[in-house]
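The listed protein sequences derive, respectively, from chains A, B, C and D.
With our numbering applied, the first sequence closes on residue 96, and no number is skipped along the way.
With our numbering applied, the second sequence closes on residue 1100, and no number is skipped along the way.
With our numbering applied, the third sequence closes on residue 1517, and no number is skipped along the way.
With our numbering applied, the fourth sequence closes on residue 1719, and no number is skipped along the way.
No residue lacks a Cβ here, since even glycine has one placed at the ideal position from N, Cα and C.
Being a predicted model, the structure only gives us computed values, none of them experimental.
Data first, discussion second: the structure below is written as structure tokens.
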Amino acid sequence: MLLISCPYCGPRDEHEFSYGHEAHIARPTLEQQQTMSDAEWADYLFMRKNPKGVHFERWVHSRGCRQWFNVARHTVTHEIIKVYPMGEPAPNLEQK
Amino acid sequence: MSAQKNRLATGGRIDRSRPVRFTFDGKAYYGYQGDSLASALLANGVTLVGRSFKYHRPRGIVSAGAEEPNALIEVGTGNRREPNTRAPQIELYDGLTTASQNRWPSLDFDLGAVNSCLSRFFPSGFYYKTFKWPKDGWLFYEKFIRRMAGLGTGSTEADPDRYDKVYGHCDVMVVGGGPAGIAAALAAGRAGARVVLVDEQSELGGSLLSERDRSIDGKPAMDWVAAAEAELAAMPEVKVLTRTTAFAYLDANMLSCVERITDHIGPNASGPRQRLWRIRAREVILATGSIERPLVYSDNDRPGCMLASAGRTYVNRYGTAPGQRVVILTNNDTAYQTALDFAAAGVSVAAVVDLRANPQGALVQATRDKGIEVIANSAITHVKGAKQVKEVDVMSLSADGKSVTGGVRHIYCDTVLSSGGWQPTVHLHSQTRAKVVWNEELHAFVPGPVMPGQNNVSVGAAKGVFGLADCLAEGHEAGAEAARRFGFTNAAGSAAGAEAEPAAEPLRPMWIVPSDKPVGQGGKHFVDYQNDVTAADVMLAHREGYLSVEHLKRYTTMGMATDQGKTSNVNALAIMAGLRGMNIPEVGTTTFRPPYTPVTFGVFAGPDKGDFLDPIRKTPIHQWHADHGAAFECVGQWHRAWYYPKAGESMHDAVNREVKATRDSVGIVDASTLGKIDIQGPDAAWFLNMVYTNAWTKLEPGKCRYGFMCGEDGMVFDDGVTSRIAENHFHMTTTTGGAARVLSWLEEWHQCEWPDRKVYFTSVTEQWAVFALNGPNSRKVLEKVVSGIDLSEEAFPFMSWRDCEVAGVKARIFRISFTGALSFEVNVPPSYALHVWRALMSAGEEFNITPYGTEALHVLRAEKGFVIVGQETDGTMTPQDLGFEWIIGKAKPDFIGRRSHLRSDTARPDRKHLVGLLTENPQEVLPEGAQIVEHVKDKPPMTMIGHVTSSYWSPNANRSIAMAVIKNGRNRMGQTVYLPYDGKVVAARIAKTDFLQDGAAANA
Amino acid sequence: MKQNYSIFTLVRNALNYHQDWQEAWRSPAPKPEYDVIVIGGGGHGLATAYYLAKEHGITNVAVLEKGWLGGGNTGRNTTIVRSNYLWDESAHLYEHSLKLFEGLTQDLNYNVMFSQRGLMNLAHTQHDMQALRRRVYAIQLNGIDSEILTPEQIKEMVPILDCSATARYPIMGASLQRRGGVARHDAVAWGFARKADERGVDILQNTEVTGFRIENGVVKGVETTRGPIGAKKVGIVVAGHSGVLAGMAGFRLPVESHPLQALVSEPIKPILNTVVMSPQVHVYVSQSDKGELVLGAGIDAYTSYAQVGSPFIIENQLNALTDLFPCFGRLRMLRQWGGIVDTCPDASPIIGKTPVENLFINCGWGTGGFKATPGSGNVFAHTIARGEPHPLAVPFALDRFTSGYLIDEHGAAGVAH
Amino acid sequence: MPEAYNRRSALQHFGLKAAAAQSPADARVFIGEAAHRAIVNVRGNPGDPAFLQAVKAVTGADLPVKPNTTSQAGEFRLLWLGPTEYWVTAPAGSEEKLAAELRQAFTGQHAAVIDVSESRTIITLSGPDAREVLARGCSLDLHPRVFGPGQCAQTGLAKANVLIDQRDATSYDIYVLKSFSDYLWQWFGLVHRDFTAAIRAD
Ligand SMILES: Cc1cc2nc3c(=O)[nH]c(=O)nc-3n(C[C@H](O)[C@H](O)[C@H](O)COP(=O)(O)OP(=O)(O)OC[C@H]3O[C@@H](n4cnc5c(N)ncnc54)[C@H](O)[C@@H]3O)c2cc1C
Ligand SMILES: NC(=O)c1ccc[n+]([C@@H]2O[C@H](COP(=O)([O-])OP(=O)(O)OC[C@H]3O[C@@H](n4cnc5c(N)ncnc54)[C@H](O)[C@@H]3O)[C@@H](O)[C@H]2O)c1
Ligand SMILES: Cc1cc2nc3c(=O)[nH]c(=O)nc-3n(C[C@H](O)[C@H](O)[C@H](O)COP(=O)(O)O)c2cc1C
Ligand SMILES: [Zn+2]
């Protein structure tokens, strides 16, 4: 069971959270929507990075403070590398 | 009842003053308090205890612990019958009833044993090659195969016992209560850390329980254990759990453990039977010890063939000889300790057969000094005796150790103990997906680097460190270090000391002990006892190209039995490595998976049985419904009143009565389960514009509006009425099932996409109980109990709301309708809900006010063609498909799902549309889900154009009514379509969905 | 030709201590180039290679497998085979596969132990019953066997089910597909491997694809841990790793990889003769020929390439199981594992072309593709061989995510396995 | 408002009074219901001093801006729910007045006030074994080194969502939605089989 550090509540068991999906997918603006092709829209709607490695994703502390936040998590080891607030860009996780 | 013929006069940790009666296969025996079933059977001279999985070979006890592959026993009877339990881990209690398994008619005479005679025809994977004829013959053969397989027999009665679950937390978790683990717990505990120590055995001590004369800190080892136990018990932040197996090492240092609370007391004990612990530790110390490997020699599965360390445990711990005369076969020094202990206990050791050319270690010397013969450079080539070892053949090994030479020595004995070296118990380490590495000195896998995020360390035998003093020191250091790391600075004391063991000579790896015949052509060299996998099977897998260990495992089923290969996996993969000419680490291990030992299903469920499987949510007046005979319907977790049958009424009667009364006069329904969300902030209206498809800016305070929400894919996912309370304040309602989903949806968009928008969402679903009065007389009823407002059409028009009092209680009423009839939705505080409901009921008495349930509610809304999200929709319908083109805010720039509506398939005009269906025969009520075709054929396949989403008898239209989604349906009005189902075909006409107008007209 | 497998050859070999069995497949060295490279030695990849050789005469084929063949989801699924899908497109595809399953043992000369013992889907609420009827009627009209059972009929078929009306989720009915059942998962992979090998297909295990050679938008071969290998056409059939491979080829997929967990009990004598699934409480169970109960549940919510999941899924699943089958409370879990399933937004597979020419993809089978193994291989072989989708595969093209023509088997199909 | 006897608490039908009379004397865990407490949900920006001042003006208490903490002033007890979400709780009956005062105090701010008193009931749990009982269904570490009086947390308890407010060394207020209260009460009944438990009606 993952141990996720809610930026507000601290570490809690995974079952208190709900998984969202890949983070940093910007919703096209109305102007973009009006000019983009169906294929481009499909890209926004459905296409996912699904990386084997570090995944930037969002979670919500649904059984706690109801806050959404971002997580950088390794999809092979399940190691949580970083938790960072909504709105913050994906961290640069160059090897230290 | 015979005497315990193998019981030693003295010694062991059993209490000879407390005899315990038990039965095995119907026969009664005595053992002593402190015995395991295995030790008690051995004491009574019972060596044949079971039959193997495939060949039904007679089998005896092999080990004295969790690794037992053979002695699988059925414990208990009736609803408590439990198959496949390991005899060495069953503690004896008075009245214990046990039986052997996988035999018929009896253990002694098992018809299935013909498999053994035919075993030549049943090599690994034989079933893949046979039973292929005739084409559908497998179902026939399968019956027999299934019956032969499957070991024990499960009970078909409900398990009567109860189980418990608990969460735990600690700084340091120690798994294994041997010397290393105890030392770790002591050090961490003394330093002040919160510690949990678990051990699967009934008492602490680990391997020390099997020792004869070891001492620690100058006192007998078990005295040291007792002192440590007392010290640990006195530490308030230390918890010691015996009879507790850590069976799974999960993400982020969580260990699942099962505590056996009453299994050793028997069915009469009170309290839960077992408890599931989910313990989150900051650091885990794995002190899980090691498991001895048997040697793979010919006929090594005869009852009486046992691990050398197990023999030692039986003698030292249980005061029981495993037999009367023992031969030991070994490739290392540790088995000599067994010989010495046997000699000390007066059990006859006929000889020690050593695979090594010239063993000269201290223990070997000591053994010789005791007058026990050591036959070096030799192998056991045969074990005779079908149901009990009678004799072994011993021959000399050739120079390369690959074959045997010279004459045969026959040695009479009833027990053969073997030791092929020790394998650290790396299971939990490996479950974290950390690697193991091959240690060339130990010829065993030891733990490799740990995984990131999994803070653990292996110590003692679990790490391949076998000296007692070293185990104590390592354990101590690991415990102290962990405590230090977490800031606990009390003195951890110093490590306990022990004398060093005499130096041992290296082990001689010999993965198959040769016999006088080629492997597979004489006796059988068993590798995996339980699943009957032999060295010849490994060779066959190799020959047939199943080379990877994973293929080897699956093709031969080696390591897949209930012991998960604890004694066999390394032997098997080493044999494969030899065949492939590879190093053992190159071949690798199979994957270690939870559980370490099998865990009862019941304990995972814990106490959450029956109604606790999933909470039942109840409305504030649930009890009233129950008292008035309501049948309930599950809607999500809610239980909602479905209909209220009166005496003698069928469901159909009751629903018709409720529907009719509502249309004719007045009905009342408990709609408290509707989702309600309070929305406040200057951007509230902007937000509603984004999440609903229609426009909200112009809605005035005091007014209500209906809307659809779509996913970004354009498909409807919820609907409801939202009311403007004040300029910046809205009250949203959602479907019952959608309440939680919609709130998180709003929060997600707000927090993630539009965080600058000033708006707050709060669930108020349960702040209000909701009672909807419907029907022409609803106003008259309400008038009698309402105060503070004028209910007239002019003062309180449709699609508006008012605050007021009802029956003296603060209330909010919405003039919205889900029936098409005059309707008032009365919202009141739940604590007064019953009071208000009763007041409405008495006010309505003169109008025959009728409570109705969800079924009538469905009929009433269907009569007017109102949709239910989740019934008319299934995640593939747009608002346009449902005929709500008008609800799409054309002028509105953006809303969630808008862009998707423009995609080529979504924008098609001939998608499936929601329409009405009128059966040709008005009496015929279609089943919901019935499929619709244009052209009926004699038999399927037929092309379907849609299906029925809702269908009822409408007492008001006095005919059957249905809604359906049909391809291009709106452009097919009046067309007759067909519904083939349940062996008949019903014709129906596509119509509009207002059945009180159109349906009634159609009837006329 | 490979040695025939039959009772006669078994007896003959037994007399010779089984010394003469041939290897089931070779371990060849890679050739510099193949007509077709299939990436992924799971059931689907091996079936693709087999049908390429058998039905399209293309035998210069390699299957590249990064580990051991059959070690992906093929080796870790709960082996349920059925074709009772809601939408026409799915029903036709899965029925095609089920029909192939019915002759597979003979076709492959390898007993895949396809046991058509019947498969039950339980309904516990009014809503379940509606969905169930809709599905059954649709399946029947597609010409596929399916029927509705009453609680009494259910009790008779599976007496150990708790059918009491007072259960938290009482059993109100079930759909039954008699032709559904289970098959031996490993045997399916091995049978296809053996026969593909017999027809000349090179199965290259421990050969991981690490990149693609693409020139002017046309695939020319692959990079592997054993060096580059050229190919005229390449098919990707890597289930959970589809996103990774698509990434290497420069495009994205609407696919997410999630853990799906399964577990087995200790083996016991026959106690359950039907496959029982309950979407409402999220559990499904069958008993293998060896005697273990084989159990599955739902996916873990997060994406992952670790073949493990979270314990609360197992707890809920066993909570549900022991409620449905109160007598299973005393049985024990023997082993528990996970696989990585490739889930699509509409719970339907993707079969067809990719943005790269001559590069084809077959993925998205998610939690339910074992049953599709022969069918999927069959239509994918056709698609690769002809360069055009097999008629059954047309609706499952990648472009449906652009047009919006999804085949949403989520809500409607109830349970996904 | 009608007579008080018409007001029913969520757990009233379990007859706590009668059950309390039969409770064992040596109980190590006590359970009861604190019904009808006023709970007003307050939303606003804790970074805004005006918001903090408004809360203080009405309640006399400092807003617990630190996650998972509480504050208390007289009859008012304030709980942190989220970074912009709090409960102001007060004795039964005061909710309307409290909500109105808060709303008034927030005039001109982007803040929201909504009465949620009726949606929850409080199950009170206390006694030396209370923490052990909670561990049966709650994965939070409530050990005194980690959690104590002055702290609160929203979390899961068994299969329900709750807010746990620790009142003193061994007592907890457990806020639960009324629709789950029957379930949770009965769940405690299950767990109590292994404890010496008493019902407290006060
Ligand atoms: C627990 C569980 C239960 C399931 N239950 C059922 C069920 O009951 N019924 C059902 O129909 N379906 C079920 N499924 C789904 C089913 O198992 C899969 O859909 C199906 O097996 C997929 O087969 P495949 O051949 O496409 O994939 P796989 O068998 O996963 O094969 C893909 C192969 O590609 C290889 N690969 C990956 N990357 C590379 C690379 N770079 N280079 C070379 N090779 C690579 C992998 O090693 C793997 O062997 C279940 C799945 C799981 C996990
Ligand atoms: N080659 C040798 O000389 C040799 C071999 C084996 C053991 N030993 C001796 O054994 C001792 C090793 O001490 P140690 O403390 O490292 O190990 P140990 O074997 O004494 O103790 C390990 C304990 O862990 C328990 N255990 C294992 N897995 C568990 C699990 N998953 N959950 C709960 N309990 C579990 C076992 O039942 C056992 O009680 C030393 O005294 C050493 O001399 C020596
Ligand atoms: C249908 C089926 C039945 C299985 N039966 C057993 C079994 O009887 N014993 C066993 O140890 N494992 C059994 N397994 C699990 C495998 O050992 C293994 O865990 C699984 O194939 C996943 O591989 P991995 O654990 O090596 O990652 C079974 C798996 C499947 C798919
Ligand atoms: Zn939080």
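Endpoints, alpha helix (DSSP H) assigned at B/Glu879: What you label residue 879 of chain B is simply residue 783 of the second sequence in a count that begins at 1. Taken as a continuous stretch (DSSP letters only), the alpha helix (DSSP H) holding B/Glu879 covers 874-881.
Simplified DSSP assignment, three categories, for C/His1224: Residue mapping note: residue 1224 of chain C aligns to position 124 of the third sequence, counting from 1. C/His1224 falls in the coil class under three-state DSSP.
Whether B/Ala578 touches B/Ala289 by CB criterion (8 Å): By 1-based counting over the second sequence, the position of residue 578 of chain B is 482. By 1-based counting over the second sequence, the position of residue 289 of chain B is 193. Result yes, Cβ atoms of B/Ala578 and B/Ala289 sit closer than 8 Å.
Cβ of B/Thr66 within 8 Å of any chain D Cβ: This structure gives no information on residue 66 of chain B, because the portion of chain B shown stretches from 97 to 1100.
Among B/Ile157, B/Gly871, B/Leu784, the one whose alpha carbon lies nearest that of B/Thr511: Stepping through the second sequence from its first residue, residue 511 of chain B is reached at position 415. Closest option to B/Thr511, Cα to Cα, is B/Ile157.
Check: A/Thr75 C-beta below 7 Å from any heavy atom of ligand 1: Taking the first sequence and counting its residues from 1, the one referred to as residue 75 of chain A is at position 75. It does not: the Cβ of A/Thr75 is nowhere closer than 7 Å to a heavy atom of ligand 1.
For C/Asp1442, the three-state DSSP class (helix, strand or coil): Indexing the third sequence from 1 puts residue 1442 of chain C at position 342. C/Asp1442 falls in the strand class under three-state DSSP.
Amino acids of chain C, ordered along the chain, whose beta-carbon sits closer than 8 Å to that of A/Phe185: Residue 185 of chain A is absent from the structure shown; chain A starts at 1 and stops at 96.
Against chain B: residues of the stretch 1612-1631 of chain D by CB proximity under 7 Å: His1627, Ala1629, Ile1631
Any non-hydrogen atom of ligand 4 within 7 Å of D/Cys1669 CB: Working through the fourth sequence from its first residue, we reach residue 1669 of chain D at position 152. Not so, every heavy atom of ligand 4 lies at least 7 Å from the Cβ.
Any chain A beta carbon closer than 8 Å to C/Thr1410: Within the third sequence, numbered from 1, the residue matching residue 1410 of chain C stands at position 310. Checking the sequence shown, residue 1410 of chain C turns out to be Ser, not Thr. It does: the Cβ of C/Ser1410 has a partner Cβ on chain A nearer than 8 Å.
heavy atom of ligand 3 below 7 Å from B/Lys225 C-beta: What you label residue 225 of chain B is simply residue 129 of the second sequence in a count that begins at 1. Not under cutoff, so the answer is no.
Neighbour flag for A/Glu88 against chain D, beta carbons, 8 Å: Residue 88 of chain A sits at position 88 when you count from the first residue of the first sequence. Cβ-Cβ to chain D under 8 Å: no for A/Glu88.
Where D/Gly1599 sits in the DSSP three-state scheme: Taking the first residue of the fourth sequence as 1, we reach residue 1599 of chain D at position 82. DSSP places D/Gly1599 in strand when its eight states are reduced to three.
For C/Trp1121, the three-state DSSP class (helix, strand or coil): Position 21 of the third sequence holds residue 1121 of chain C. Coil at C/Trp1121, not helix or strand.
Distance cut-off 7 Å: B/Gly302 Cβ against heavy atoms of ligand 2: The residue labelled residue 302 of chain B in the question sits at position 206 within the second sequence. Correct: B/Gly302 has its Cβ closer than 7 Å to ligand 2.
The stretch 733-752 of chain B touching the stretch 821-828 of chain B, judged by at least three CB pairs closer than 8 Å: no
Beta bridge counterpart(s) of B/Ser1050 as assigned by DSSP: Here residue 1050 of chain B refers to the residue found at position 954 when the second sequence is read from its first residue. DSSP, once it has assigned bridges, lists B/Arg1055 as partnering B/Ser1050.
Complete runs of the alpha helix (DSSP H) confined to the stretch 680-714 of chain B [at least 4 residues]: 680-683, 697-701
CB contact below 8 Å: A/Leu30 versus chain C: Translated into the one-based positions of the first sequence, residue 30 of chain A becomes position 30. Answer no: the Cβ-Cβ gap between A/Leu30 and chain C never drops below 8 Å.
Rounded Cβ spacing between C/Gln1216 and C/Gly1280 (contact assumed at less than 8 Å): Within the third sequence, residue 1216 of chain C is the residue found at index 116, counting from 1. Within the third sequence, residue 1280 of chain C is the residue found at index 180, counting from 1. With a Cβ gap of about 7 Å, C/Gln1216 and C/Gly1280 count as contacting.
Local conformation of B/Gly274 per DSSP, three classes: What you label residue 274 of chain B is simply residue 178 of the second sequence in a count that begins at 1. In this structure, B/Gly274 counts as coil in the three-state DSSP scheme.
Coil, strand or helix - B/Ala727 by DSSP: Walking along the second sequence from the start, residue 727 of chain B turns up at place 631. The answer is strand: DSSP assigns B/Ala727 an E or B state.
Sheet register partners of D/Asp1632 (DSSP bridge): Counting from 1 along the fourth sequence, the entry for residue 1632 of chain D is found at position 115. According to DSSP, which records beta bridges pairwise, D/Asp1632 is partnered with D/Val1557.
Where the beta strand (DSSP E) containing B/Asp961 begins and where it ends: If you number the second sequence from 1, residue 961 of chain B lands on position 865. With the sequence shown as reference, residue 961 of chain B is identified as Gly, and Asp is not the correct amino acid for it. First-last for B/Gly961: undefined, no H or E at that position.
Members of the stretch 686-708 of chain B that neighbour chain C once the beta carbon cut-off is set at 7 Å: Arg689, Pro690, Pro691, Pro694, Val695, Thr696, Phe697, Gly698, Phe700, Ala701, Asp704, Lys705, Gly706, Asp707
B/Gln550: CB within 7 Å of a non-hydrogen atom of ligand 3: Within the second sequence, numbered from 1, the residue matching residue 550 of chain B stands at position 454. It does not: the Cβ of B/Gln550 is nowhere closer than 7 Å to a heavy atom of ligand 3.
Minimum length 3: unbroken beta strand (DSSP E) runs contained in the stretch 339-377 of chain B: 340-346, 350-356
A/Gly64 CB to nearest heavy atom of ligand 4 below 7 Å: Against the first sequence, residue 64 of chain A aligns to sequence position 64. For ligand 4, at least one heavy atom lies less than 7 Å from the Cβ of A/Gly64.
C/Val1518: contacting residues in chain A (beta-carbon distance under 7 Å): As displayed, chain C neither begins before 1101 nor continues past 1517, which places residue 1518 of chain C out of reach and without an answer.
Short CB-CB distance (under 8 Å) between B/His1101 and chain C: For residue 1101 of chain B there is no data in the structure shown, the boundaries of chain B being 97 and 1100.
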